[in-house]
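Asks: This is the structure I have questions about; it appears just below.
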Amino acid sequence: MAKLRLETLRKEFDRGQIVAVDDLSLDIEDGEFVTLVGPSGCGKTTTLRMIAGLESATSGHIYIGDEDVTDVHAKNRDVAMVFQNYALYPHKTVEENMGFGLRMSTDLSKEERHERVYEAAEMMGIEDLLSDKPDELSGGQKQRVALGRAIVREPDIFLFDEPLSNLDAKLRTTMRTEIQRIQQELGITSVYVTHDQEEAMTMGDRIVILRDGELQQMGAPTDVYDRPTNRFVGGFIGSPSMNFIDVDATREGGTVVLTDRDGSFSCRLPSSFADRIRDVDGAFTVGIRPEDIFPASERDENVLTTTVEVVEPIGSDNYLYLDAAEDFIARVDSDVEPEPGETIRVTFAEDDVHVFDGE
Ligand code: ADP
Ligand code: MG
């Protein structure tokens, strides 16, 4: 078990034409479960491969515990990685697959190895499959074997690269909980890569958001959700995505009126909102999450009056596509069922209006 520290870690490919990881610095606590999330190609796999020692860093440093392992060979790093495609040896049994790393890296006796493998197999609920070959197993069972193999190693660090992407939705949910349970039981520092923001949000003690190899934000899931530091993070975290409106602000008496370019969005916020845009010049962007929008009552002062274009039921809730700004979606209770074409009054709290400068 160990803390993990990345210090301005950089990876260039093709003589610097591609910057896959752009001076990334992260501090991960001993025993922490951190999820690394971002769109395809943002540098997640390359980051993990550098931590594992499968890829050399162009510059920067990697520390495991207090040791600088940047130039340490992969097999001498105490790191276990779990891949999306399981990476099992097809001709070896489950037991041989799980024990292989132990045979290579330790001088345990055959009996001791069997004991370690059996314990890990029990933890993953696959002790009855030990003499099977991978092609006799389902996708979920293969991934359990791959996880078991990582557990057997008792590493300082677990690395997961989209390990659940090949599984169906139901199994994915089960395995998320399993991985969290095992990580908590063993207390092993873990970095879990996914492109799925929901997976990242539900699994991580903290979540790291990457874009084009650059760190966008790191924080507890609720912090990142409540206080995204830029428009990219605001749009990436949450489903459906945050509504963005490019607005001008004008002061009217004690209030601030926000209006978009074509006038289809207009709302009045209390004067306290003026403090939040004091440093913002001219036009700026506000973000409002679909789930923070509610039907307005008579008493509400901050009201947007608009037309309903489409109503999309998703079971517990309805998505309302509204004729405001360029795209504007409200996620409301399923008992709010306006007709398309109907005029509707909606409201949102001032605190739920996120302000993004620049971009
Ligand atoms: P992610 O896992 O987030 O999808 P990757 O780390 O695989 O992203 O890739 C980051 C960037 O680096 C991408 O632009 C990808 O094309 C590039 N890249 C990754 N590996 C190589 C390589 N071996 N040679 C050249 N470019 C690569
Ligand atoms: Mg990847």
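To convert, note that position 194 of the sequence shown is 194 in UniProt numbering; the numbers rise steadily by one, no gaps. In this text, a Cβ means the ideal position worked out from N, Cα and C, and glycines have one as well.
1. Can the beta-carbon of Gly-204 be found closer than 8 Å to that of Phe-33?
2. Would the beta-carbon of Thr-255 fall within 8 Å of that of Pro-240?
3. Smallest Cα separation from Val-69: which of Thr-35, Val-286 and Leu-54?
4. Going by DSSP, name the residue or residues bridged to Arg-68.
5. My guess is that Val-332 and Asp-352 are in contact by the Cβ rule of under 8 Å, so how many angstroms apart are they, rounded?
6. Would you mind stating whether Phe-348 and Asp-292 have Cβ atoms separated by less than 8 Å?
7. Residue 360 to Glu-312, Cα distance in whole Å?
8. Mind checking who Ser-190 pairs with in its DSSP beta bridge?
9. Would you give the residue range spanned by the alpha helix (DSSP H) that Gln-197 belongs to?
10. Can you tell me where the alpha helix (DSSP H) holding Ser-105 begins and where it ends?
11. If we require 3 or more residues per run, which beta strand (DSSP E) segments fall completely within the region 292 to 341?
12. Verify the contact flag: Glu-162, CB atom, against every heavy atom of ligand 2, threshold strictly below 7 Å.
13. Determine the closest residue to Ile-245 out of Leu-26, Ile-277 and Phe-284, with distance taken between C-alpha atoms.
14. Name the residue from Arg-144, Lys-133 and Leu-167 whose alpha carbon lies nearest to the alpha carbon of Thr-93.
15. Please name the residue in Arg-289, Lys-11 and Ile-188 whose C-alpha comes closest to that of Ile-28.
16. Can the beta-carbon of Asp-14 be found closer than 8 Å to that of Glu-214?
17. Per DSSP, what kind of secondary structure is Arg-278 in: helix, strand or coil?
Replies: In short:
1. Taking the sequence shown and counting its residues from 1, one reaches residue 204 at position 204. Taking the sequence shown and counting its residues from 1, one reaches residue 33 at position 33. Yes, Cβ-Cβ distance for Gly-204 and Phe-33 is below 8 Å.
2. Counting from one through the sequence shown, the residue named residue 255 turns up at place 255. Counting from one through the sequence shown, the residue named residue 240 turns up at place 240. Inclusion of Thr-255 and Pro-240 in the CB contact set at 8 Å is not warranted, their separation being larger than that value.
3. Taking the sequence shown and counting its residues from 1, the one referred to as residue 69 is at position 69. Val-69 has its Cα closest to that of Leu-54, out of Thr-35, Val-286 and Leu-54.
4. Along the sequence shown, read from residue 1 onward, the residue named residue 68 stands at position 68. At residue 68 the sequence reads Asp, which differs from the Arg that was named. Partner(s): Tyr-63.
5. Taking the sequence shown and counting its residues from 1, one reaches residue 332 at position 332. Taking the sequence shown and counting its residues from 1, one reaches residue 352 at position 352. Wrong, their Cβ atoms sit about 14 Å apart, outside the cutoff.
6. Locating residue 348 in the sequence shown gives position 348, where the first residue counts as 1. Locating residue 292 in the sequence shown gives position 292, where the first residue counts as 1. A distance below 8 Å separates the beta carbons of Phe-348 and Asp-292.
7. In this structure the chain extends from 1 to 359, so residue 360 is not present and cannot be described.
8. What you label residue 190 is simply residue 190 of the sequence shown in a count that begins at 1. Beta-bridge pairing links Ser-190 to Phe-33 and Phe-158.
9. Sequence index remark: in the sequence shown, residue 197 carries index 197 (1-based). Where Gln-197 is concerned, the enclosing alpha helix (DSSP H) stretches over 197 to 203.
10. Sequence index remark: in the sequence shown, residue 105 carries index 105 (1-based). Here the alpha helix (DSSP H) through Ser-105 covers 94 to 105.
11. 303 to 313, 317 to 322 and 329 to 333
12. What you label residue 162 is simply residue 162 of the sequence shown in a count that begins at 1. Yes, the Cβ of Glu-162 comes within 7 Å of a heavy atom of ligand 2.
13. Along the sequence shown, read from residue 1 onward, the residue named residue 245 stands at position 245. Comparing Cα-Cα distances from Ile-245 to each of Leu-26, Ile-277 and Phe-284, the minimum goes to Phe-284.
14. Looking up residue 93 in the sequence shown gives position 93. Thr-93 has its Cα closest to that of Lys-133, out of Arg-144, Lys-133 and Leu-167.
15. Here residue 28 refers to the residue found at position 28 when the sequence shown is read from its first residue. For Ile-28, the nearest C-alpha among the options comes from Ile-188.
16. Numbered from 1 along the sequence shown, position 14 holds the residue referred to as residue 14. Numbered from 1 along the sequence shown, position 214 holds the residue referred to as residue 214. Contact: no.
17. Along the sequence shown, read from residue 1 onward, the residue named residue 278 stands at position 278. Per DSSP, reduced to three states, the secondary structure at Arg-278 is coil, with no helix or strand assignment.
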